[in-house]
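The structure appears below as structure tokens.
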Amino acid sequence: MRVLNTKKSILEYIAEAQKLGKEGIDPDRMVEIYKEIYDAIEAMSSNVKANTIVFLKNELKKGIGKYQPVDPDKKEDYFMEFFKEAYPEGKRRKEYTYTLVDPSKITVDQILHTLKYINGYCKDNRISQDQKKSIIPMIERIARTDSLKHINQVRSMEYLRKAVRVRIEKSPKGHIVTRC
């Protein structure tokens, strides 16, 4: 077990792991090394900038990504996939990176921007049930803000509302999302 608490040590270990992979080391051992490096990167996330964490994860995937363990319980977050597509290369700011590292830090404006992208996507394409299931909680999050500005923007997204089959209604407790 190595001490992996700096960017340099992690990058060196990834390079060593690549060499071991080319030499034909046991795939199970490579999966263990991958997990070890990934856990070290996660442990650093509270002390290091978000850009560095994203860089290290990308280097890990690029270096020994084929040994990434398959987690059958891991559900793909389709909303985050749309989020990545909604922000093209030139429009990505540090808030984008922070959200990629920790999706719970997504802002209402980022949700709206992504929903606008999804609305345009729905104009020409169909979305799957799994995609709908990941979009609806974000619409509910907008409704919980009780901000008429944001709620009216979602209400005006006709293609999205028809695809997901939801409506935002006023109730005594605030705004709620109902399925139609």
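For the sequence shown, the numbering used here gives the first residue as 1, with consecutive numbering after it. Where a beta carbon is used, it is the ideal one built from N, C-alpha and C, also for glycine.
Helix, strand or coil: which one does DSSP assign to residue i?
i      : result
LEU4   : coil
GLY174 : strand
ARG179 : strand
ILE33  : helix
ASP28  : helix
PRO72  : The predicted position of PRO72 is uncertain, since its pLDDT is 43 and thus under 50; no value can be drawn from it.
ASP109 : helix
Excluding the 5 residues preceding and the 5 following residue i in the sequence, name in chain order all residues of the same chain whose CB lies nearer than 7 Å to its CB.
i    : result
LYS7 : THR52, LEU56
Identify the continuous alpha helix (DSSP H) that holds residue i and give its terminal residues.
i      : result
GLU169 : Here GLU169 belongs to no alpha helix (DSSP H); instead the beta strand (DSSP E) covers 166 to 171.
ILE181 : Residue 181 cannot be examined here, being either before or after the span of the chain that is shown, 1 to 180.
SER134 : 129 to 144
ARG93  : Careful: ARG93 lies outside any alpha helix (DSSP H) and carries neither H nor E.
What number of angstroms, rounded off, separates the C-alpha of residue i from the C-alpha of residue j?
i      : j      : result
SER171 : VAL177 : 10 Å
VAL31  : ILE37  : 10 Å
LYS84  : LYS123 : 19 Å
PRO103 : TYR96  : 10 Å
Within 10 angstroms of its Cβ, does residue i collect 16 or more other Cβ (buried), or is it exposed?
i      : result
ASP73  : Interpretation of ASP73 is limited by its pLDDT of 46, a score under 50 that renders its predicted location unreliable; no figure is taken from the coordinates.
GLN129 : exposed
LEU230 : Since the first and last residues shown for the chain are 1 and 180, residue 230 lies out of range.
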